[in-house]
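So the structure is just underneath, and the comments pick up after that.
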Amino acid sequence: MARVMVGVIGGTGLGEALGALGAGEQRVVETPFGPPSGPLTLTEVAGVPVALLSRHGEGHMLSPSRVPYRANIYALKAVGVTHVLASGAVGSLREELAPRHLVLPDQVIDRTFRRAATFFEDFVVHAEFAAPFCSSLRSALIKAGTGLPTRVHQGGTYVCMEGPQFSTRAESELHRSWGASLIGMTVMPEAKLAREAELCYALVALPTDYDCWRPHPANVDQQKLIEEILGNLKAATQNAIELIRRALPAVAALADKPCPCQSALALGIWSDRARIPQDVRDRLRVLVGKYL
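Everything in the sequence shown is counted per the working numbering, starting at 71 for the first residue and increasing by one.
In structure tokens form, the structure reads like this:
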């Protein structure tokens, strides 16, 4: 029987709360792409092996553009992770996606431009990415959301901007005109790299506010606004932790169910394999060893 190991990547708020899922062994993983955001915490939750990783590092010191996405995904793959449940704070672009709700997006628009978006710079790999989030993982999360003390929205398009500044009003309105549902800074290139690593990947998005397309009440000052956003984040974080906890047994049950995510590179290596140097093969063995 195949074995599932779940990687849990936390964003703002959830990164500090990951310990709520359990304590375990701290593992420092070296990668060809430098150090990850921090050590992995290897533990078990409800009998399911889990690797916890705080995306922004200890003390939230890594901005979205500086998160070592390649090292993070490589490290998870190296310790045996097969499925990734990620989370991250977002702004809502739709009235119905209220702060403190949870959203399970099914599409992405990538507007980042400063981040390394592939593991494969020494030969050519084209991975299918029409469906950026694993349908099996999303289904597990959707079922786990039944009875959760908040609304869990199924689907939506996440616009990933570079940041670290927030949107202008014009940008926010542009993203709404595209039909997008969420604005954030961290799902890309994380989801792309997970696909290149043949990991199933899904995101739990945590709306904290309505971005800037919806004017704030005139009687609310900036300090109170920040306090409200942080309060929304804290509440959404607790709901996300509970959703992930509930979903873990269903994710573990996917062990013997083949998923296209787990063979994403089967037809993706376009270079002449005989020309790929041995040192490159060795460096990327964790990712492509079964093909080269």
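Each residue gets a CB set at the ideal place from its N, CA and C atoms; glycine is no exception.
Would you mind working out which of the options sits nearest residue i, comparing C-alpha positions?
i	options	result
M231	D326, Y144 and I179	I179
R246	A168, A323 and L163	L163
A210	I253, P234 and P319	P319
P202	E266, V356 and Q292	E266
L252	V154, E298 and H171	H171
L218	A272, T307, S205 and C329	T307
R184	S135, Q332 and D291	S135
A200	I212, A305, P330 and R353	P330
G225	Q177, L357, T238 and D192	Q177
G241	C270, R181 and E198	Before going on, a small fix: residue 241 reads as Glu here, not Gly. The candidate whose alpha carbon is nearest that of E241 is R181.
V57	Q292, A323, A159 and V118	What is shown of the chain runs 71 to 362, which leaves residue 57 out entirely.
S157	V78, I339, P287 and W340	V78
R353	R208, G108, D192 and L337	D192
C270	M131, Q348, L155 and E298	L155
A272	V118, S341 and V173	V173
H153	L337, Q348, S341 and K327	K327
L300	N289, L276 and A323	L276
Can you give me the Cβ contacts of residue i inside the same chain, cut-off strictly under 7 Å, excluding the 5 residues immediately before and after it?
i	result
V99	P106, L110, A145, A148 and V149
A214	L313, R316, A317 and A320
L362	R343, I346 and R351
Y37	With the chain running from 71 to 362 in the structure shown, residue 37 is simply not present.
A250	L163, I179, T227 and V229
A93	T113
E243	W283
G104	P138 and A141
R73	A325
E198	A334
Given residue i, which residues of its chain have a CB within under 6 Å of its CB, disregarding the five upstream and five downstream residues?
i	result
E260	Y139
E95	L112
G233	P134 and M255
V151	M75, G77 and A121
R239	C282
By a C-beta neighbour count over all protein chains shown, 10 Å radius and 16 as the cutoff for buried, is residue i buried or exposed?
i	result
I257	In the sequence under discussion, the amino acid at residue 257 is Val, which differs from the Ile named in the question. Under this definition V257 is a buried residue.
F190	buried
M255	buried
R125	buried
A116	exposed
G80	buried
P175	buried
L335	buried
T278	buried
T101	buried
I143	buried
M39	What is shown of the chain runs 71 to 362, which leaves residue 39 out entirely.
N302	buried
G129	exposed
G359	exposed
A186	exposed
E268	buried
S206	buried
R355	exposed
R208	buried
P285	exposed
L295	exposed
P287	exposed
Per DSSP, residue i is paired with what?
i	result
S162	L252
G80	S124
M231	R181
A156	I79 and L273
D95	It is worth fixing the name first, because residue 95 is Glu in this sequence and not Asp. L112, per the DSSP bridge assignment.
L223	The sequence given here has His at residue 223, not Leu. The partner list for H223 (beta bridge, DSSP) reads V173.
Short of 8 Å in beta carbon distance, which residues of its chain neighbour residue i, apart from the five on each side in sequence? Order them along the chain.
i	result
T188	V195, P259, K262, L263 and E266
E166	H223
A87	G80, T307, Q308 and I311
F236	G161, D281 and C282
L132	S107, R125, H126 and P138
Less than 6 Å separating the Cβ of residue i from some heavy atom of the ligand GTP?
i	result
S341	Ligands in the displayed structure: none, and consequently the ligand GTP is not present.
With 7 Å as the threshold, decide whether the Cβ of residue i is near any Cβ in chain D.
i	result
V76	Checking the listed chains, one finds no chain D in this structure; it contains a single protein chain.
Can you check the region 109-135 for any beta strand (DSSP E) of at least 3 residues that lies completely inside it and give the ranges in chain order?
110-115 and 118-124
May I have a chain-ordered list of the alpha helix (DSSP H) segments no shorter than 4 residues that lie completely inside the region 170-214?
205-214
Could you name each continuous beta strand (DSSP E) segment of 3 residues or more that falls completely within the region 270-354, going from the start of the chain to the end?
270-279
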